[in-house]
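Residue numbers (UniProt numbering), protein chains in the order written: chain A, 1 to 152; chain B, 1 to 255.
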Ligand SMILES: [Zn+2]
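Set out below in structure tokens:
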């Protein structure tokens with residue numbers, strides 16, 4: 001019997017993002033669709049940045065997780081349109097990012113506050129951070145640098 | 001609208017993909033060598049974006065060509081005369097200032113081009129452009145800021161930036177000069193007429209260069225021959241010997 005897609009979504013929600021393991025690939029909003037095509041499960045994945053080195057690993061992790069659940073035939077479809085946007089990050093994902101020390105993206109183009117001390121006195125160090133999706137910011141109160149997940 | 005000849009569409013896609021491939025490779029050479037850590041990281045990220053965009057453009061080019069070649073085959077197994085990038089992006093890194101000037105002059109064009117391509121009559125091209133343009137907005141913001149910072153910096157950084165501008169400016173014109181391939185894709189609503197992007201480009205670039213206290217060379221001479229493949233500069237061959245070495249020495253090698 002084929003598992004229902006709702007159940008599959010809950011399994012995928014346990015697959016961590018390889019670079020930010022506190023959030024799942026579902027929280028990140030890159031899993032766009034899960035559907036059965038005969039005996040094959042088709043999972044549509046939208047990459048974050050074109051050059052994101054994690055994209056290949058993410059597809060592999062999804063396949064492995066589904067194989068472990070007994071689904072034999074998995075087809076990952078890369079879907080680039082519409083392009084991924086940080087608006088697709090789930091609210092749970094945003095909260096987890098903040099707890100982890102990464103300020104979640106905001107339409108205003110900068111972090112709301114320092115993830116560590118919650119001060120709103122923050123300043124940008126560089127628009128590019130440790131991965132393509134992050135910028136480097138610093139808190140001017142506790143003086144700690146932190147990552148900001150930038151809008152795209 | 002006119003139907004496009006598939007051979008010309010292939011040429012156009014190679015131009016887009018070769019621009020990002022060649023520039024992405026040059027920029028990646030800065031990894032571990034940039035003057036400060038933040039710049040090192042920013043350059044590496046920019047290179048990654050460009051190489052990622054290359055995979056999409058050359059992947060589509062290979063599909064359109066229909067001869068069973070892959071994006072990797074196009075990137076790693078073609079020789080100089082088959083490359084279709086503009087001459088600007090194959091100019092060497094030089095010093096950090098020259099790298100950033102080259103980046104800005106390209107980014108400003110790239111942004112306008114991708115913005116127009118996002119409305120392409122060709123769905124796959126529109127999708128690749130819509131995705132890439134978001135990344136390029138970050139590239140141009142940073143390269144523009146750096147050109148201003150260095151141009152309007154110390155007398156040493158100013159003179160180096162002016163030298164870089166004088167060196168690279170003659171390569172700007174090629175991006176806006178239409179040929180048969182450009183005309184064919186424009187007639188089919190696939191891509192804009194390159195000349196139509198010039199006004200916005202000049203406005204953006206002019207504003208940044210003015211803020212950077214740099215003067216645009218008055219001589220309007222423009223080199224050409226890169227995107228047609230007719231006459232690449234010597235630098236492209238040197239770049240390919242580095243980039244393609246592994247696939248040439250160990251054909252078919254993979255991770
Ligand atoms: Zn703080």
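C-beta atoms are modelled at their ideal positions from N, C-alpha and C, and glycine is treated no differently.
{"query": "Interfacial residues, the segment 116 to 140 of chain B to chain A, with Cβ spacing under 8 angstroms", "result": "123, 126, 127, 128, 130, 131, 132, 134, 135, 138"}
{"query": "Reduced DSSP secondary structure (H/G/I, E/B, other) of residue 109/B", "result": "helix"}
{"query": "Three-way DSSP call (helix, strand, coil) for residue 36/B in this model", "result": "coil"}
{"query": "Coarse secondary structure for residue 49/A, derived from DSSP in three states", "result": "coil"}
{"query": "Buried or exposed by the 16-neighbour rule on C-beta atoms within 10 Å, applied to residue 9/A", "result": "exposed"}
{"query": "For residue 168/B and residue 93/B, the rounded distance between their alpha carbons", "result": "11 angstroms"}
{"query": "Close beta carbons around residue 19/B, own chain, < 7 angstroms, minus the five adjacent residues each side", "result": "85, 86, 89"}
{"query": "Contact list for residue 59/A against chain B, beta-carbon separation under 9 angstroms", "result": "In chain order: nothing, as chain B lies at least about 14 angstroms away."}
{"query": "Bridge partner(s) assigned by DSSP for residue 44/A", "result": "33/A, 77/A"}
{"query": "Chain A contact for residue 211/B (CB, 8 angstroms cutoff)", "result": "no"}
{"query": "Cβ pair count under 8 angstroms reaching 3, the segment 119 to 126 of chain B against the segment 159 to 175 of chain B", "result": "no"}
{"query": "Any heavy atom of ligand 1 within less than 6 angstroms of residue CB: hits in chain order", "result": "114/A, 116/A, 117/A, 119/A, 139/A, 141/A, 142/A, 144/A"}
{"query": "Buried versus exposed, by CB contacts within 10 Å (16 or more), residue 155/A", "result": "Lying before the first or after the last residue shown, residue 155/A is absent from chain A, which here runs from 1 to 152."}
{"query": "Three-state secondary structure assigned by DSSP to residue 67/B", "result": "coil"}
{"query": "Residues bridged to residue 147/A (per DSSP)", "result": "102/A, 136/A"}
{"query": "Coil, strand or helix - residue 120/B by DSSP", "result": "coil"}
{"query": "6 angstroms CB neighbourhood of residue 115/B in its chain, flanking five on each side removed", "result": "133"}
{"query": "Proximity test, Cβ basis, 8 angstroms: residue 49/A and chain B", "result": "yes"}
{"query": "Alpha-carbon spacing of residue 81/B relative to residue 254/B, whole angstroms", "result": "25 angstroms"}
{"query": "Cβ of residue 149/A within 8 angstroms of any chain B Cβ", "result": "no"}
{"query": "Where residue 154/A meets chain B, residues with beta-carbon distance less than 7 angstroms", "result": "This structure cannot speak to residue 154/A, because chain A is shown only from 1 to 152."}
{"query": "Paired residues, beta bridge with residue 123/A - DSSP", "result": "138/A"}
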